[in-house]
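Enquirer: Sharing a structure here in structure tokens format.
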Ligand SMILES: [Zn+2]
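In this note's numbering, the protein residues as written are 932 to 993.
Dropping the structure here:
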């Protein structure tokens with residue numbers, strides 16, 4: 932019984948954590964045009980243009 936309670940507590944904690952770091956932002960990737968999850972968001976300040984946003988992977992490639 933104690934084990935079962937522990938398990939659900941862990942599951943709830945990891946769910947809350949995932950919610951926090953993995954939600955979809957309103958930002959769109961400059962490279963691929965797809966919306967960016969918060970944990971993939973790479974903001975880049977471009978002089979004269981303000982901020983641009985990339986997926987972390989896509990920014991590295993470019
Ligand atoms: Zn992208």
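We put the beta carbon where it would ideally sit given N, CA and C, even for glycine.
Keeping to the same chain, check which residues put their C-beta closer than 7 Å to that of residue 989; ignore five residues upstream and five downstream.
Expert: Here residue 989 refers to the residue found at position 58 when the chain shown is read from its first residue. Closer than 7 Å at the Cβ level, and outside the excluded window around residue 989, lie 960, 962 and 963.
Enquirer: Whole-angstrom Cβ separation of residue 969 and residue 953, contact assumed at under 8 Å?
Expert: The residue given as residue 969 occupies position 38 in the chain shown. The residue given as residue 953 occupies position 22 in the chain shown. With 8 Å as the limit, residue 969 and residue 953 qualify as a contact, their Cβ atoms being about 7 Å apart.
Enquirer: If you draw a straight line from the alpha carbon of residue 984 to that of residue 955, how long is it in whole angstroms?
Expert: Start at 1 with the first residue of the chain shown, and residue 984 comes out as number 53. Start at 1 with the first residue of the chain shown, and residue 955 comes out as number 24. Rounded to whole angstroms, residue 984 to residue 955 spans 13 Å at the Cα level.
Enquirer: CA-CA distance, residue 987 and residue 967?
Expert: The sequence position of residue 987 within the chain shown is 56, counting from 1. The sequence position of residue 967 within the chain shown is 36, counting from 1. Each residue's alpha carbon lies about 9 Å from the other.
Enquirer: Less than 8 Å between C-beta atoms, sequence neighbours within five positions excluded: which residues of the same chain meet that for residue 957?
Expert: The sequence position of residue 957 within the chain shown is 26, counting from 1. Excluding positions up to five away in sequence, the list reads 966.
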